[in-house]
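Some notes on the structure that comes next.
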Amino acid sequence: MLFTRRSLLTVAAGGFTAAGLGVPMAWAVDLPKLKKKDKYKVGFAQTESNNPWRLAQTASMKDEAAKRGWQLVYTDAAGSAAKQVSDVRSMIAQKVDVILLAPREEKPLVPAVMEAKQAGIPVYCIDRSVDASLAKPGRDYVAFIGSDFVKEGKMAGEAFAKIVGGNAKIIELQGTIGSSPANDRMKGFKDAIAAFPGMTIIASQSGDFARDKGRQVFETLYQAHPEATAVYGHNDEMTMGAIAAMEAAGKMPGKDLMLVSIDGTKDAAQAVADGKIAVLVECNPHFGPKAFDSIVNYGNGDSVAPMLVNTDRLFTKENIASYMPEAF
Ligand code: GYE
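Quick note on numbering: the sequence shown equals residues -13 to 314 in the working numbering.
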């Protein structure tokens, strides 16, 4: 398949319509194959490194590469979708065999996926996905490997509803705006609590998946809504930030306000054991073994399922002890 310089530029600019054809151009290209090798040169484009979940994910990738003696080209976009796009471009220029991309936001990373496809480099979306109406697993990139975030939100909402007896005025701390876990955890939770008329989200704002931002946002929202009885944090770092703000204001997490959170960090697991967080839904960050095994399969010419979904567990005070040694 031949592409004109003009159509390539169209892709670079983020539009995918081949001039005159009226069809999304990159669809026409086959999913790149991977030549079988003993060792691969793998790019891992991380989105940021400001929380334990990210550090555990990066460690899992680095450990797996070291174990197999594969070269890992590692980049950290430091919380910038624009930098992550250029990180992927530099991996394309370095001719890595495969790219593992943890896309910060759903839409801005689509051009990175499509440019790698055009360059014949197979991509996996790791942990987060890109906008499925613009780039699809099995067609534009090999596969999505990660959790079902709608399910996580649903599990969180259902378990929390039981604990609070179907009554709560909830402050929601959303993850990064435009990211798939924020969009989907919002949806899953909302769907679950829709069955309980006594449960309402009274305020919802992004804390960007970061502890200090979560603390600040909770502080502001709680001042505006002192009637709040609960907090739903899209990740543990923001929930821990909210706990810090509550304690600073002389409120007791787990008594004055009930909390529900997602991830499974050491701090959050401890907070469950201490009775501060009522419900914790796991989100597994240890992607290395699964991602690298899938690369081997793909290189062998085996078919790879477009969605490789992790199963996540649910923790409360009753069963948190068994999880503590695994917490990250
Ligand atoms: O919950 C959060 C991280 O994308 C699943 O991003 C991931 C989320 C995770 O920064 O802690």
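Beta carbons: idealized from backbone N, C-alpha and C, even for Gly. As the structure is a computational prediction, the values presented were derived from the model and not from experiment.
Item, Value
"Inter-stretch contact (C-beta, 8 Å, three-pair minimum) for the stretch 151 to 162 and the stretch 212 to 227", "yes"
"Run of the beta strand (DSSP E) containing residue 27, from where it starts to where it stops", "27 to 32"
"Euclidean distance between Cα positions of residue 277 and residue 234", "42 Å"
"Residue 16 CB to nearest heavy atom of ligand 1 below 6 Å", "no"
"Straight-line Cα distance separating residue 236 from residue 319", "Look at the range of the chain in this structure, -13 to 314, and you will see that residue 319 is not part of it."
"Any beta strand (DSSP E) of 3 or more consecutive residues that is wholly inside the stretch 181 to 248", "185 to 192, 216 to 219"
"Runs of beta strand (DSSP E) lying entirely within the stretch 82 to 119, each at least 3 residues, in chain order", "84 to 87, 109 to 112"
"Cβ contact check for the stretch 107 to 126 and the stretch 14 to 30: 3 or more pairs under 8 Å", "yes"
"Residue 315 beta carbon near ligand 1 (any heavy atom closer than 6 Å)", "In the structure as shown, the chain starts at -13 and stops at 314, and residue 315 therefore has no counterpart that could be examined."
"Three-state class that DSSP yields for residue 62 in the structure shown", "strand"
"Same chain, Cβ closer than 7 Å to residue 136, neighbours up to 5 away in sequence not counted", "170, 173, 174"
"Distance between beta carbons of residue 82 and residue 121, contact taken as under 8 Å", "With a Cβ gap of about 19 Å, residue 121 and residue 82 do not count as contacting."
"Member of 253, 262, 113 whose CA lies at the smallest distance from the CA of residue 87", "113"
"For residue 178 and residue 144, believed in contact at Cβ under 8 Å, the rounded distance", "5 Å"
"Cβ pair residue 244, residue 230 closer than 7 Å", "no"
"heavy atom of ligand 1 below 6 Å from residue 89 C-beta", "no"
"Member of 275, 77, 238 whose CA lies at the smallest distance from the CA of residue 260", "238"
"Close Cβ partners of residue 240 (< 6 Å) along its chain, the five nearest in sequence each way excluded", "261, 262"
"Where residue 18 falls: helix, strand or coil (DSSP)", "coil"
"Option nearest residue 38 by Cα separation, candidates 286, 202, 252", "252"
"Selection from 124, 139, 291 that minimises the alpha carbon distance to residue 298", "139"
"C-alpha gap between residue 70 and residue 291, whole angstroms", "26 Å"
"According to DSSP, residues forming a beta bridge with residue 133", "296"
"Residue 111 Cβ short of 6 Å to ligand 1 heavy atom set", "no"
"Short Cβ contact (7 Å threshold) for residue 268 with residue 287", "no"
"Reduced DSSP secondary structure (H/G/I, E/B, other) of residue 123", "strand"
"Residues near residue 224 by beta carbon distance below 6 Å, same chain, minus five either side", "159, 193, 200"
"Bridge partners - residue 70, DSSP secondary structure assignment", "Residue 70 is not bridged to any residue."
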